[in-house]
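>
Next comes the structure, spelled out in structure tokens:
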């Protein structure tokens, strides 16, 4: 006596033709069988409806040339002839359909040859799924990404022109810098705003974060620093506080650290007085030419910019003599870390600057940047990195 399974299996096998017809009636896929001349022999209800026909039998004997434009139909015909000639199936290829009506759709095609037990090819069977919506969504994303890449490239060019802008030309002061964003654009900024008193003013800041959002705020800071310099009163703390007044409430998800200062006119012995203030960026380095040693100096602690209660540190005054060098830097330099977490650090920076003190200023800055980058082990930036240096030269 046959088991329940065997009885069910026998019934299904004997009803195969009816099951196939049911599948063709109920499936949402566009299923079709064609002869060796790519003429429709049998199609699903869904395919008939897609082609504007009431019954599947209405399409018998017709070809793709009856529905699509010449290029699309010829492409499908050539493709199907190759499949039947080589017995190589086509699986899930996304193709464009241009209809005679002018409509354009996108489909996922799978086609395989139909062969008798003797090996003779008698046609092919295919399944098509409409993927127009998915394709258009993907294309929209691709276009948006393309536009975004173009926007970022434009922003990169603007930043490269804007930061630091035109360097001041002063007979007895050399200026060197490295400004390297972690991505195409960044949140570090160097600026040399002009003042009515003709002092050499410098401003360096680090916007919290990276990329486009941080870069947008550098434009704001560039403008604000230029505006604040118009009323510069030889007090870098007032300068920073003025910028902060305009920044408060505009950087909604972060803050800004900054340092600013200026040099007085040269004295009779060729020295210059330096005035410095900071807002959350207190560390700096001073190379004394007389000893060829680098001092790590620290300004008074001060609140970062962007907060209502923030106030810059009281200004300090230093005298720099011929050959002395001033180094300012953002935290991306000292926080460059090895895979084990060991940072380049303040001491690593100090020693590196000292070891390259015999080089011209720009070479010293470049070598110091490379040392911080090499410290990471994989030469990958972990943050925006900026290093700004000044040297008092002999007149």
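Numbering (this note's numbering), first residue to last: 1 to 395. Every residue gets a Cβ at the ideal spot worked out from N, C-alpha and C, and that includes glycine.
Closest to residue 298 by C-alpha separation, out of 266, 225, 160 and 317, would be which residue?
317
> Taking 6 Å as the cut-off, is the CB of residue 71 close to at least one heavy atom of the ligand ADP?
You won't find the ligand ADP in this model; it holds no ligand whatsoever.
> Please list the segments of the alpha helix (DSSP H) lying wholly inside the region 329–384, counting only runs of 4 or more residues, in order along the chain.
331–334, 345–355 and 361–374
> Which whole-angstrom value is the C-beta distance of residue 225 and residue 191, which I expect to be below 8 Å?
5 Å
> Of the residues 322, 221 and 239, which one's Cα is nearest the Cα of residue 163?
221
> Between the C-alpha atoms of residue 284 and residue 273, what's the straight-line distance to the nearest angstrom?
Put simply, the backbone Cα of residue 284 is about 16 Å away from that of residue 273.
> Check residue 295 in the structure and name its three-state DSSP category.
strand
> Taking all protein chains shown into account, decide if residue 136 is buried (16 or more other Cβ within 10 angstroms of its Cβ) or exposed.
exposed
> Mapping DSSP to helix, strand and coil, what is residue 67?
coil
> Output needed for residue 24: all residues of its chain with C-beta closer than 8 Å, excluding positions within five of it in sequence on either side, in chain order.
Excluding residues within five positions, the ones whose Cβ falls inside 8 Å are 31, 42, 43, 44, 45 and 56.
> Quick check: the region 240–247 against the region 175–195, are at least 3 beta-carbon pairs closer than 8 Å?
Flag = no, the region 175–195 and the region 240–247 do not touch.
> What does a CB cutoff of less than 7 Å around residue 116 pick up in its chain, not counting 5 residues either side in sequence?
Setting aside the 5 residues that flank it on each side, residue 116 is surrounded in the same chain by 122, each with a C-beta closer than 7 Å to its C-beta; the list follows chain order.
> For residue 286 and residue 144, I'd like the C-alpha separation in whole angstroms.
48 Å
> Span of the beta strand (DSSP E) holding residue 98?
90–98
> Assuming residue 199 contacts residue 263 (C-beta within less than 8 Å), just tell me the rounded distance between them.
That pair is a contact at about 7 Å.
> Compare the C-alpha of residue 334 against each of 372, 29, 100 and 179 and name the closest.
372
> Below 7 Å between beta carbons: does that hold for residue 305 and residue 180?
no
> Check the C-beta distance from residue 206 over to residue 188 and give it rounded, since I have them as a contact under 8 Å.
Rounded to whole angstroms, the Cβ separation of residue 206 and residue 188 is 5 Å, and the two are in contact under 8 Å.
> I need the boundaries of the beta strand (DSSP E) containing residue 125, first residue and last residue.
Where residue 125 is concerned, the enclosing beta strand (DSSP E) starts and stops at 121–130.
> So, with DSSP's three-state summary, where would you put residue 199?
Here residue 199 sits in coil by DSSP.
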